[in-house]
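Here the protein sequences come in this chain order: A and B.
Sequential numbering from 354 applies to the first sequence in my numbering.
Sequential numbering from 15 applies to the second sequence in my numbering.
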Amino acid sequence: AQKVTQAQTEISVVEKEDVTLDCVYETRDTTYYLFWYKQPPSGELVFLIRRNSFDEQNEISGRYSWNFQKSTSSFNFTITASQVVDSAVYFCALSETPNKNRDDKIIFGKGTRLHILP
Amino acid sequence: EAQVTQNPRYLITVTGKKLTVTCSQNMNHEYMSWYRQDPGLGLRQIYYSMNVEVTDKGDVPEGYKVSRKEKRNFPLILESPSPNQTSLYFCASNRGNSNQPQHFGDGTRLSIL
Numbered sequence: 354a355q356k357v358t359q360a361q362t363e364i365s366v367v368e369k370e371d372v373t374l375d376c377v378y379e380t381r382d383t384t385y386y387l388f389w390y391k392q393p394p395s396g397e398l399v400f401l402i403r404r405n406s407f408d409e410q411n412e413i414s415g416r417y418s419w420n421f422q423k424s425t426s427s428f429n430f431t432i433t434a435s436q437v438v439d440s441a442v443y444f445c446a447l448s449e450t451p452n453k454n455r456d457d458k459i460i461f462g463k464g465t466r467l468h469i470l471p
Numbered sequence: 015e016a017q018v019t020q021n022p023r024y025l026i027t028v029t030g031k032k033l034t035v036t037c038s039q040n041m042n043h044e045y046m047s048w049y050r051q052d053p054g055l056g057l058r059q060i061y062y063s064m065n066v067e068v069t070d071k072g073d074v075p076e077g078y079k080v081s082r083k084e085k086r087n088f089p090l091i092l093e094s095p096s097p098n099q100t101s102l103y104f105c106a107s108n109r110g111n112s113n114q115p116q117h118f119g120d121g122t123r124l125s126i127l
């Protein structure tokens, strides 16, 4: 069955520090997709990145980077030189390849609340 | 502007009084979902729909109903709300299937007394 574990419930770091948010997933499928979403204090949910299981290249977008490792079933998210505006809840999510014999569900982790202290 | 619109944004009601939360998207998306967000539990999928007249249970469907009679609308129905359904609800949509990034509505905060 699908499962997403974000073991870090809450993290606090001082501004300008680097911080890594962990995401570990479980799936029986060989083709699947992983996502990260951000929920700032204002409450909306914002898509950050999607990665499919065949693409293990690390991704960098400005101060954000993602490390996908199939060997450890992890899809970790690193913020470099954190800023107060990065304070939010971050969710990792998983979906498997849909077909007529399988649900087309999306499973979210419980989220990690990140506090960036000035 | 591309958006997912939920109504109402806030609702306080009483146990047993049927209510509907509407969700509408203007992006011609096939896949639509409802989630509830509870402290310590993250986002949990209630129901999803892969297209018109096609709906399926997510992980926490008990106590909820949905319908998808038109592509743009995906209402969430609580026939007999109970206090354990007090939560923050999000509707989302995306093109294709569950493998695509989702666009979320702004959320509906429901309090069932």
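Where a beta carbon is used, it is the ideal one built from N, C-alpha and C, also for glycine.
Every value quoted in this text rests on a predicted model; they were computed, and no experiment measured them.
*Can you tell which of A:H468, A:E449, A:R466 and A:L467 has the C-alpha that lies nearest to the C-alpha of R403 (chain A)?*
Measuring from the Cα of R403 (chain A), the nearest candidate turns out to be A:E449.
*asked:* As an exercise, report each continuous beta strand (DSSP E) stretch of at least 3 residues that is fully enclosed by the region 409-434 of chain A, in chain order.
replied: The region 409-434 of chain A contains these whole beta strand (DSSP E) runs: 412-414, 417-422 and 427-432.
*Where does D70 (chain B) sit, in a helix, a strand or coil, going by DSSP?*
Under the three-state reduction of DSSP output, D70 (chain B) falls in the strand class.
*What's the C-alpha gap between K356 (chain A) and I460 (chain A)?*
In a straight line, the C-alpha of K356 (chain A) is about 7 Å away from that of I460 (chain A).
*So what does DSSP say about D52 (chain B), is it helix, strand or coil?*
D52 (chain B) falls in the strand class under three-state DSSP.
_Would S440 (chain A) and P394 (chain A) be called neighbours here (beta carbons separated by less than 8 Å)?_
Contact flag set, yes.
*Cross-chain neighbours of N113 (chain B) in chain A, by beta carbon under 7 Å*: Within chain A, the residues near N113 (chain B) are Y386 and S448.
_Backbone secondary structure at V377 (chain A) - three-state DSSP_ = The answer is strand: DSSP assigns V377 (chain A) an E or B state.
*Tell me L447 (chain A)'s beta-bridge partners as DSSP assigns them.*
L447 (chain A) is bridged to A:L387 and A:I460.
*From B:T100, B:Q114, B:Q39 and B:G77, pick the residue whose C-alpha is nearest to that of Y61 (chain B); which is it?*
Looking at the Cα atoms, B:G77 is the closest of the given residues.
*In three-state DSSP terms, what is N21 (chain B)?*
Correct three-state label for N21 (chain B): strand.
*Sorted by chain position, which residues of the same chain lie with C-beta nearer than 7 Å to G464 (chain A)'s C-beta, five sequence neighbours on each side aside?*
Cβ within range, chain order: Q359, V442, Y443 and F444.
*If you follow the beta strand (DSSP E) that H468 (chain A) is part of, which residue opens it and which one closes it?*
Counting along the chain, the beta strand (DSSP E) containing H468 (chain A) begins and ends at T465 to L470.
*First and last residue of the beta strand (DSSP E) that includes A106 (chain B)?*
Start and end: S101 to N108.
*Would DSSP call V28 (chain B) helix, strand or coil?*
In this structure, DSSP gives V28 (chain B) a state outside helix and strand, which the three-state scheme calls coil.
*asked:* Please list, in chain order, the residues of the region 402-422 of chain A that have any C-beta partner in chain B closer than 9 Å.
replied: Result list: I402, R403 and N405.
*Among the residues of its own chain, which have a CB less than 6 Å from the CB of Y24 (chain B), if the five just before and after it don't count?*
Correct list, in chain order: R123.
_Beta-carbon proximity list for T100 (chain B), same chain, < 8 Å, skipping 5 on both sides_ = Correct list, in chain order: L124, S125 and I126.
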